[in-house]
Each structure stands twice: as C-alpha cells, then as structure tokens.
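Engineer: First to last, the sequence lines map onto chains E and W. For the first sequence, the numbering used here gives the first residue as 21, with consecutive numbering after it. For the second sequence, the numbering used here gives the first residue as 202, with consecutive numbering after it. For glycine and all other residues, C-beta sits at the position ideal for the given N, C-alpha and C. Here's a structure for you.
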Amino acid sequence: MSCYYRQHEETSVTIPKYSVESSAGITYYDIKVRVANVEWFVERRYRDFSQLHEKLVDEVSISKKLLPPKKLVGNKQPAFLEQRREQLETYLQELLIYFRNELPRLLAEFLDFNKYDIIYLLQDLAKLFNESGDALLSAKKEYNLSALEVFAISERLALPCPPSNEQGGKFDFSHVLDFCTQLAALVVSPVKDNTSFVQDYNTVDVPIGRSNIIPNRLSFNLNAFRNLKTLKFSALSTENIVDIELLKPTLQTICVHNTTITHINQVLLCDNLHKACDVPSILPDHLTTSSNGEDELLTTDAWNELSELDLTGNLLTQIDSSVRTAPKLRRLVLEQNRIRNVQNLAELPHLQMLSLSGNLIAECIDWHLAMGNLVTLKLSQNKIKSLSGLRKLLSLVNLDLSCNLIEQLDEVDHVANLPLLETLRLTGNPLAGSVDYRPRVFARFHERAAEISLDNEPGTQQEMDTALVLSALLKSKQRQQQK
Amino acid sequence: MTAAPYNYNYIFKYIIIGDMGVGKSCLLHQFTEKKFMANCPHTIGVEFGTRIIEVDDKKIKLQIWDTAGQERFRAVTRSYYRGAAGALMVYDITRRSTYNHLSSWLTDTRNLTNPSTVIFLIGNKSDLESTREVTYEEAKEFADENGLMFLEASAMTGQNVEEAFLETARKIYQNIQEGRLDLNASESGVQHRPSQPSRPNLSSEAAHVKDQCSC
Chain E
21 MSCYYRQHEE TSVTIPKYSV ESSAGITYYD IKVRVANVEW FVERRYRDFS QLHEKLVDEV
81 SISKKLLPPK KLVGNKQPAF LEQRREQLET YLQELLIYFR NELPRLLAEF LDFNKYDIIY
141 LLQDLAKLFN ESGDALLSAK KEYNLSALEV FAISERLALP CPPSNEQGGK FDFSHVLDFC
201 TQLAALVVSP VKDNTSFVQD YNTVDVPIGR SNIIPNRLSF NLNAFRNLKT LKFSALSTEN
261 IVDIELLKPT LQTICVHNTT ITHINQVLLC DNLHKACDVP SILPDHLTTS SNGEDELLTT
321 DAWNELSELD LTGNLLTQID SSVRTAPKLR RLVLEQNRIR NVQNLAELPH LQMLSLSGNL
381 IAECIDWHLA MGNLVTLKLS QNKIKSLSGL RKLLSLVNLD LSCNLIEQLD EVDHVANLPL
441 LETLRLTGNP LAGSVDYRPR VFARFHERAA EISLDNEPGT QQEMDTALVL SALLKSKQRQ
501 QQK
Chain W
202 MTAAPYNYNY IFKYIIIGDM GVGKSCLLHQ FTEKKFMANC PHTIGVEFGT RIIEVDDKKI
262 KLQIWDTAGQ ERFRAVTRSY YRGAAGALMV YDITRRSTYN HLSSWLTDTR NLTNPSTVIF
322 LIGNKSDLES TREVTYEEAK EFADENGLMF LEASAMTGQN VEEAFLETAR KIYQNIQEGR
382 LDLNASESGV QHRPSQPSRP NLSSEAAHVK DQCSC
C-alpha cells in the first residue's frame, strides 16, 4: 500500500500505452502510478482529463494552458494519439510536481489514490463514517473492512501527519478512529463487500484491483478496535495480525474462514512466534494451586472472554494444544476441515457445542474421555462406521451423525442409551435406506422413543406403534440370550 | 411408552465429587436403586443416574452426574461442574487423606459452579465405626466453617443416603422459593417444567403434541 505523504519523492506517473476500444471507438490512456514499491494502473479517456482540468483550474488556479487542447477532426490517427499520450503524460507529471505535498482530492481520485494510498483511502472512509458512522453503529451489525483499509488504519496510527482540514474536517482521520473504537463486530476480507470475489484459499495471492498489492502480505495491528467482541476473517490469514494482545480482553467470537491455515495456533497464537512450543496446561496439576498459583505467562496469554471459535473451511488437520488458551470456550466449530481425530478438548470445561461436520473422522474411540459435558455434537459428513466411542457421552442432547458410513442398526444402541438425547440425525447413512428404518431406530430407544426427534421429526403414531412391537421383540430376544 | 413425558415440575442437576474409592458410585446406586453395589468398578469418566423425588408436593427429577475420582479423569470431570445446582462432596471417614483433600475439592467446586450451588458434605462408610479416622465433630466443624451442609452416611446400610440427596433438593427448592436462584440463568442447574404444558419447551414440544393427539 502506498503512502504518498511520505514517499512523494519516489512517486512517478507514466502513460505507457493507450488503447482504442473497437466498438465505440473511444481511446483510453492507461496510466501507471508508482509510489516506491507499489504500483497500479488506471484507465482514463481524454474527456476525463479535460473534466479534471476544468475543475482544477477553477479550484486551485492551475494554468489553463497546461492540458493539450481538444481536437475535433483526425483525433483517431495513431500518430496523433501517440503524441497526445506523451502530452498527457507530461501534463500529469507537471501536476505531480505542482502538488508535491498533498494531492487535491480531485486529482487523488482521478489517479485512484483513494483506492491504494493510505491517506486518501482513509479520507474516503472518514467521509463515510462522518456521514453514516452513527447509523452503522446503531444497526449493531457486523461491519466489513477490506484488508487494505485495516492496514491503512493501522499504518496511519503510526504516521506523523497533520489532520486534513480540507472541506471542514469531513475527511479527518478522527472519524475513522471514532468509528473503530466503538465497533463491536468486524469482518475483514481481502476486498470489501465484493461477493463476486471468489472467497476461498485459492485467491490468497490475488492482487487488489489493478495494483501489485496482495492483501495476504499486509501485516497490521487492530489496536484501533478497542471494543471488538466479534472478529471474522475471510480468505485472509490471521497471521497478518501483529500484536493481538489488545484484543484479548474483549473478543468473544473469532471466525476464520476459507484460508490455508492448518493449525488452530495460527489463529489463537497468531502473534506468537513460538507456536511450536507446547502451551502449558491451564489446569493446575494440584487443585490447591488453582486459585492463586497461576502462571503469569498464562494469564496474559489467555483468551479470557472467548466463547466461540469458528474455523469453518480451512485446512486444519488437528485440534492442537492452543485451544487451551481459550478456557471459556463454549462453542467450537471446525466444519469443512481435514481433522481425523480429536485432542486437547478435555481441558475446555465450558464447551457445550462441538461441530466437526465435513472432516475426515473415521473412528471415535472413547470420546467421553476426550471431552465432557457436551450438549451438542455435530459429526455430519465424516467417515464414521461405529458409534461405540460415543456410548458414554452421557450429557449429549443433540447428535448429528448424518452422511456417515453407519451400516448396522445395532450401532444405534450405543447412542440410544444416552439418557438425555433428544435429537438424533442419521439421514444419509447406509442404514437409513433400509426398510422400516425409522421405527427400527425408535425401537432401540424403548421407553424413551417418544422423546426422540429423528432426522428433525418426532415419530408418527404409526411409527411409535411399530417401534413398540419391535422394542418388545428386542427385549424378549435379550432375555433369551441372557438365559 | 406414551406415559406423560413430564410427571415432574423441576429438574435439578447434581454432581458427586470426591477422592477415588470414597463410595461416590455406591451412594448413587443406593439412592437410585436402593441397593448396595458390592465390588463397584472404578468409574471411567462419568456415570449418570436419575430419580424423581418429592419436595413440598412438587415432583422433582434429579439428574445426578457421578464423576470419576481418579486424577487422570480430572480434566473431563471438571466440565460437569458446569450448571450443577447441587454438589455432593464425599469423603471416607476411614481414610484421613480423603478428608484432607476436601479443601481442594471445595476450591474446585466454588470456582467452577455458580454461587447459588448447594454443597453437601457426606462422610461415607459410617458403618465402619471401628476403623474411623475422622471424627464427626471435626468434619462438622469444617462444614460449618465453610457453610456446607453435612451428614455422615453409609452406602452399605443406606443410612442417611436418602436424607443427603433430599436435604440438598430441599435447600435448592428453598433457594428458588426465596428468589436466590435465578431459574432463567442458563447454568443454574435447575429447569422448570410446568405440569400443564401451557408453555411447551421447544426441544420437546413434539413429545407434547404427540401426547395430546388422540389418533
């Protein structure tokens, strides 16, 4: 991202080429702006130049003769166009010399500085927040900023630059800060509100617009966001955040979607260089030390307010020990990843909801020893065949096992003994295709069948009647076997 | 199978904690089955039991979580403290070490439950008077200092087992009546189920509908 304010000496404008649009016959001049290492292109036609010039003459008393004059006849000749390209290039270069310190808004917008330069981009934001910031905040919705905008805010805070007084302070940076400090829910994505931008990890190296700025290479802090409760990153790695400590006292929800992250520690310990080192257990070995003997490192490192972590759609392969830094976690959503087994969940005493839908889990062995007091467990779209490992997750109320590889009806027995279970989803498994699937599943619950909702529906009276008979048969069979 | 789904007005959630081998599972078994379970295996993780009791003409379903006393399950069992309305803290009157550990169990309970959780101290194995290592008076003093309810009980003979579970429920019910326990708090450990299903619970609404259906 450029900063013309600091780097105007390294700034250049050229017009390397022009192009003629064949159908309408309009000539576009392709302007290349370069500020230090950052460059971008912007297309303008002669009419845009002349409109700009007219206003500049009016507002900042530029010499009227600076712009090459309009030509009515023969303005499509290549020789003429080449000459004009040179003239326009010189024109822009002269303007740039003239406005060495600060570009007027008109010129900044003409050259797309408001898209790629810290100061001018923030002026746009300031104007927006000055006009509608309060309305946006009172709507209490999440607000989407692009990586570039967040980067600009972070850089601007470190920049010794006087506030702009242009047009009654409406472009002043303080409007941006005012908004940021009050914002509760922030979404950061590579490009703002652009649904056509395919948001998956394949786009991590796609530059912004016609520039050479790549969102995933911008590092920023979020220090301006002092009251942030929800932070969502989409197609953008959280490893771009430096110094996340300041967010820890307030953040309650973190969502990171569609990135290439493979470990949870890339989110929870994103500003920590030593991710490989094992996170010390939050749980004290001896309960006597639990109240006062806490490690100092831990208390500063812990996400003490974080209750929801949603990392849907990444490339996670495991649940690493960094989850221990969020001891208050209540909801953990890890859908659409590449996780094969669960670890490190036992030390999350507040965990109520775990979703591992769309992963590669083939076996769940003794999960009651891996996690406790879970109310909702979602395991849809995995490769589970046997349910025996879930038999003692006694606190489960909602269990989603849809779209797995469960074939045997006997497997249902393992979960039918869960005393509090109310909703069960088994649709999309091989066993769900069998004759009388529903009553046969209900039968496994015996007396509790009426309390169960299977695949989002409670049993019909007919199903219950069949289940009653089947249940009686099952019981007499069991009695015979016992004899 | 189609008996009234809620023949009770409240659900209270209990947790039983204490050192390994003090008789937590046996107390639960004695309370739910009214039988002594000899050669009770070590609990792996947690076990679960229910029983419907009556307090002040109100039917109350107790959902009791019996935790493993072994240290290696501590991480998992700690999560069950969440939302407990009553905590039964058990020690063995014939093993002093189990009594000495009570303060750490208490710290854990206070840290992980809410302030309104009723904590009941049970000195188990009161039938083994000859090998007693902890006197009633000493434990009573500890209980009074920490504001706990206290009884000595025997899972073997059944002495005082009912009383401990029922006294805890009475205390919780009293807390509700006196407004010290917020029923709407998510982790209060108490659920109110009106006997007339005028306000059907969302998750079990279906069961109600079925019940009223005459077809």
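Determine, using beta carbons only, whether E:Trp387 and E:Val362 come nearer to each other than 8 Å.
Structural biologist: On the first sequence, residue 387 of chain E is found 367 positions in, with the first residue counted as 1. On the first sequence, residue 362 of chain E is found 342 positions in, with the first residue counted as 1. Yes.
Engineer: Please report the distance separating the alpha-carbon of E:Pro227 from that of E:Val58.
Structural biologist: Taking the first sequence and counting its residues from 1, one reaches residue 227 of chain E at position 207. Taking the first sequence and counting its residues from 1, one reaches residue 58 of chain E at position 38. One Cα belongs to E:Pro227, the other to E:Val58, and the distance between them is close to 11 Å.
Engineer: Taking the C-alpha atoms as reference points, what is the distance between W:Glu346 and W:Ala340?
Structural biologist: Counting from one through the second sequence, the residue named residue 346 of chain W turns up at place 145. Counting from one through the second sequence, the residue named residue 340 of chain W turns up at place 139. Rounded to whole angstroms, W:Glu346 to W:Ala340 spans 10 Å at the Cα level.
Engineer: If you draw a straight line from the C-alpha of E:Leu145 to the C-alpha of E:Phe191, how long is it?
Structural biologist: The residue you call residue 145 of chain E lines up with position 125 of the first sequence. The residue you call residue 191 of chain E lines up with position 171 of the first sequence. Roughly 8 Å separates the two Cα atoms.
Engineer: Please classify E:Lys497 as buried or exposed, where buried requires at least 16 neighbouring CB atoms within 10 angstroms.
Structural biologist: Position 477 of the first sequence, counted from the first residue, corresponds to residue 497 of chain E. Exposed is the call here.
Engineer: Would you call the CB atoms of E:Met377 and E:Leu349 closer than 8 Å?
Structural biologist: In the first sequence, counting from the first residue as 1, residue 377 of chain E sits at position 357. In the first sequence, counting from the first residue as 1, residue 349 of chain E sits at position 329. Correcting the residue identity first, residue 377 of chain E is Ser in this sequence and not Met. Their beta carbons are not under 8 Å apart, which means E:Ser377 does not touch E:Leu349 by this criterion.
Engineer: Beta strand (DSSP E) containing E:Ile274: first to last residue?
Structural biologist: Here residue 274 of chain E refers to the residue found at position 254 of the first sequence. Run containing E:Ile274: 273–277, per the beta strand (DSSP E) assignment.
Engineer: What residue from E:Asn232, E:Leu156, E:Leu168 has the CA that sits closest to E:Asp198's CA?
Structural biologist: Taking the first residue of the first sequence as position 1, residue 198 of chain E is located at position 178. The residue with the shortest Cα to Cα distance from E:Asp198 is E:Leu156.
Engineer: Taking buried to mean at least 16 other C-beta atoms within 10 Å of its own C-beta, is E:Val343 buried or exposed?
Structural biologist: Position 323 of the first sequence, counting from 1, holds the residue named residue 343 of chain E. Classification of E:Val343: buried, given that the 10 Å Cβ count is 16 or more.
Engineer: Please name the residue in E:Leu92, E:Leu380, E:Met21 whose C-alpha comes closest to that of E:Leu336.
Structural biologist: For the purposes of this step, residue 336 of chain E is identified with residue 316 of the first sequence, where counting begins at 1. It is E:Leu380.
Engineer: CB E:Pro369 to CB W:Tyr209, shorter than 8 Å?
Structural biologist: The sequence position of residue 369 of chain E within the first sequence is 349, counting from 1. The sequence position of residue 209 of chain W within the second sequence is 8, counting from 1. Cβ atoms of E:Pro369 and W:Tyr209: not closer than 8 Å.
Engineer: Between the region 289–304 of chain W and the region 400–419 of chain E, can you find at least three pairs of beta-carbon atoms closer than 8 Å?
Structural biologist: Cβ pair count under 8 Å is below three, so no.
Engineer: Based on the DSSP secondary-structure assignment, which residues constitute the bridge partners of W:Gln392?
Structural biologist: Within the second sequence, residue 392 of chain W is the residue found at index 191, counting from 1. Answer is W:Ile212.
Engineer: E:Asn449 versus chain W: which residues are under 7 Å apart at the beta carbon?
Structural biologist: For the purposes of this step, residue 449 of chain E is identified with residue 429 of the first sequence, where counting begins at 1. Contacts between E:Asn449 and chain W, judged by CB atoms closer than 7 Å, are missing: the closest CB pair is about 22 Å apart.
Engineer: Quick one: grab the DSSP three-state call for E:Met484.
Structural biologist: To locate residue 484 of chain E, count along the first sequence from 1; it is residue 464. Three-state DSSP puts E:Met484 in a helix.
Engineer: In chain order, what residues of the region 425–442 of chain E put their CB closer than 8 Å to some CB of chain W?
Structural biologist: Per Cβ criterion, the list reads Pro439, Leu440, Glu442.
Engineer: Give the list of continuous beta strand (DSSP E) stretches no shorter than 3 residues that lie fully inside the region 350–381 of chain W.
Structural biologist: 350–353
Engineer: Enumerate in chain order the residues of its own chain whose CB-to-CB distance from E:His306 is below 6 Å, with the five nearest sequence positions on each side excluded.
Structural biologist: The residue you call residue 306 of chain E lines up with position 286 of the first sequence. In this prediction, E:His306 scores a pLDDT of 40, lower than 50, which makes its location untrustworthy; the coordinate-derived value is nonetheless stated afterwards. No residues qualify anywhere along the chain.
Engineer: What residue range is occupied by the uninterrupted beta strand (DSSP E) comprising E:Asp504?
Structural biologist: Lying before the first or after the last residue shown, residue 504 of chain E is absent from chain E, which here runs from 21 to 503.
Engineer: Taking 8 Å as the CB-CB limit, is W:Ala340 close to chain E?
Structural biologist: As a first step, residue 340 of chain W is located in the second sequence; it is residue number 139 there, counting from the start. Chain E, which has no Cβ nearer than 8 Å to the Cβ of W:Ala340, makes this no.
Engineer: Just reading off the beta strand (DSSP E) that E:Ala205 is part of, what are its end residues?
Structural biologist: Position 185 of the first sequence, counting from 1, holds the residue named residue 205 of chain E. Segment 205–209, the beta strand (DSSP E) holding E:Ala205.
Engineer: Does chain W have any CB closer than 8 Å to the CB of E:Leu414?
Structural biologist: As a first step, residue 414 of chain E must be located in the first sequence, where it is residue number 394. Chain W, which has a Cβ nearer than 8 Å to the Cβ of E:Leu414, makes this yes.
Engineer: How long is the line joining the alpha carbons of E:Leu256 and E:Leu289, rounded to whole angstroms?
Structural biologist: Position 236 of the first sequence, counted from the first residue, corresponds to residue 256 of chain E. Position 269 of the first sequence, counted from the first residue, corresponds to residue 289 of chain E. Using only the alpha carbons, I get a separation of about 16 Å.
Engineer: What are the start and end residues of the alpha helix (DSSP H) that includes E:Leu177?
Structural biologist: In the first sequence, counting from the first residue as 1, residue 177 of chain E sits at position 157. Note, E:Leu177: alpha helix (DSSP H), 167–177.
Engineer: When the cut-off is 8 Å and only beta carbons count, does W:Leu313 lie next to chain E?
Structural biologist: Position 112 of the second sequence, counted from the start, is the residue given in the question as residue 313 of chain W. Using beta-carbon distances, W:Leu313 counts as an interface residue toward chain E, with a partner under 8 Å.
Engineer: Enumerate in chain order the residues of its own chain whose CB-to-CB distance from E:Asp263 is below 6 Å, with the five nearest sequence positions on each side excluded.
Structural biologist: For the purposes of this step, residue 263 of chain E is identified with residue 243 of the first sequence, where counting begins at 1. Closer than 6 Å at the Cβ level, and outside the excluded window around E:Asp263, lie Asn241, Asp291.
Engineer: So, does the CB of E:Leu285 fall closer than 8 Å to a CB anywhere in chain W?
Structural biologist: Taking the first residue of the first sequence as position 1, residue 285 of chain E is located at position 265. Correcting the residue identity first, residue 285 of chain E is Asn in this sequence and not Leu. Chain W, which has no Cβ nearer than 8 Å to the Cβ of E:Asn285, makes this no.
Engineer: Contact between the region 395–409 of chain E and the region 421–435 of chain E: three or more CB pairs below 8 Å?
Structural biologist: yes
Engineer: Under a three-way DSSP split, which group does E:Gln27 fall into?
Structural biologist: Taking the first residue of the first sequence as 1, we reach residue 27 of chain E at position 7. Three-state result, E:Gln27: helix.
Engineer: Would you give the residue range spanned by the beta strand (DSSP E) that E:Thr396 belongs to?
Structural biologist: In the first sequence, residue 396 of chain E corresponds to position 376, counting from 1. E:Thr396 -> beta strand (DSSP E) spans 396–398.
Engineer: By the 10 Å Cβ neighbour count, where 16 or more other Cβ atoms means buried, how is E:Ser216 classified, buried or exposed?
Structural biologist: On the first sequence, residue 216 of chain E is found 196 positions in, with the first residue counted as 1. Residue placement at E:Ser216 cannot be trusted, given a pLDDT of 44 that sits under 50; what the coordinates show is reported in the next sentence. Label assigned to E:Ser216: exposed.
Engineer: Who are the near neighbours of E:Glu162 in its chain, counting only those whose CB is closer than 6 Å to its CB and skipping five residues on each side?
Structural biologist: Start at 1 with the first residue of the first sequence, and residue 162 of chain E comes out as number 142. Answer for E:Glu162: Ala205, Val207, listed in chain order.
Engineer: Please report the distance separating the alpha-carbon of W:Met221 from that of W:Val319.
Structural biologist: Along the second sequence, one-based indexing puts residue 221 of chain W at 20. Along the second sequence, one-based indexing puts residue 319 of chain W at 118. Rounded to the nearest angstrom, the two C-alpha atoms are 22 Å apart.
Engineer: What's the gap between the Cα of E:Leu115 and the Cα of E:Ala44?
Structural biologist: Within the first sequence, numbered from 1, the residue matching residue 115 of chain E stands at position 95. Within the first sequence, numbered from 1, the residue matching residue 44 of chain E stands at position 24. Computed Cα separation, rounded: 30 Å.
Engineer: Can you check whether the CB of W:Ala269 is closer than 8 Å to the CB of W:Ile253?
Structural biologist: Numbered from 1 along the second sequence, position 52 holds the residue referred to as residue 253 of chain W. Numbered from 1 along the second sequence, position 68 holds the residue referred to as residue 269 of chain W. No, Cβ-Cβ distance for W:Ile253 and W:Ala269 is not below 8 Å.
Engineer: Counting contacts by CB-CB distance shorter than 8 Å, is E:Gly409 in contact with chain W?
Structural biologist: Locating residue 409 of chain E in the first sequence gives position 389, counting from the first residue. Interface residue (Cβ-Cβ distance to chain W less than 8 Å): E:Gly409 is not classified as such.
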